[in-house]
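Letter 2 of the sequence shown, counting from 1, is numbered 2 in my numbering, and no numbers are missing.
Just so you know, even glycine gets a beta-carbon here, dropped at the ideal spot from N, CA and C.
First up is the structure itself, then whatever we jot down about it.
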Amino acid sequence: MLQLELIFHNDALTVEVDLAKKFIKGVWLRQPTSKEFRKYISLVTEYALAQNITLALYDIRQRSYMEYCDQNWTLKEIFPLFEDKFKKLAYLTSLESLDLMDTLRLQEAQYTAKYPNKTFQIEHFLEEEKALEWLFE
1 MLQLELIFHN DALTVEVDLA KKFIKGVWLR QPTSKEFRKY ISLVTEYALA
51 QNITLALYDI RQRSYMEYCD QNWTLKEIFP LFEDKFKKLA YLTSLESLDL
101 MDTLRLQEAQ YTAKYPNKTF QIEHFLEEEK ALEWLFE
């Protein structure tokens, strides 16, 4: 059972952690601007790296889309920081969001990236229970 502690909350994003399980959960509460997205992802990344987080769940059901420039930024600036440090990233999404394919693009790019050590996996889920099962298997 997860013992989540709230570490960040505003009108755009809530972040909780279970440090014993090296797990972080982010819930987007609304569509962020590109500036907000980068600011909050940078903060969460800095925290996750400092705390040796290896598993993450992002609930993106309230986030409508990710700007293409932010997809590229995530691939170039954020994902490489987690190589050799991270295991799994699960996106909790809706069928409508899957149609946009923004995070699916990140998943595909991660699998085909030319990083020397592709150490973390990305998957998409419609149910939180299934996402957590996959993360902790």
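Is it buried or exposed, residue i, if we count other Cβ atoms within 10 angstroms and call 16 or more buried?
{"i": "R63", "result": "buried"}
{"i": "K25", "result": "buried"}
{"i": "D70", "result": "buried"}
{"i": "Y68", "result": "exposed"}
{"i": "T33", "result": "exposed"}
{"i": "M66", "result": "buried"}
So, at 6 Å on beta carbons, what are the nonlocal neighbours of residue i in its own chain, with the 5 sequence-adjacent residues on each side left out?
{"i": "Q121", "result": "K88"}
{"i": "K21", "result": "none"}
{"i": "Q3", "result": "D18"}
Sorted by chain position, which residues of the same chain lie with C-beta nearer than 7 Å to residue i's C-beta, five sequence neighbours on each side aside?
{"i": "I78", "result": "I41, T45"}
Considering only C-alpha positions, which residue in the set the options is nearest to residue i?
{"i": "W28", "options": "K35, A20, D11, L43", "result": "D11"}
{"i": "T14", "options": "L6, K21, A20", "result": "L6"}
{"i": "L135", "options": "W73, L43, L55, D84", "result": "L55"}
Apart from the five residues on each side of it in sequence, which residues of its chain come closer than 8 Å, Cβ to Cβ, to residue i?
{"i": "L81", "result": "T45, L49"}
{"i": "L95", "result": "L126"}
Can you give me the C-alpha to C-alpha distance between residue i and residue j, rounded to a whole angstrom?
{"i": "F86", "j": "R38", "result": "19 Å"}
{"i": "V17", "j": "T93", "result": "20 Å"}
{"i": "A131", "j": "E123", "result": "8 Å"}
{"i": "E133", "j": "A90", "result": "10 Å"}
(request) List in chain order: all unbroken beta strand (DSSP E) runs of 3+ residues lying wholly within the segment 34 to 76. (result) 55 to 59
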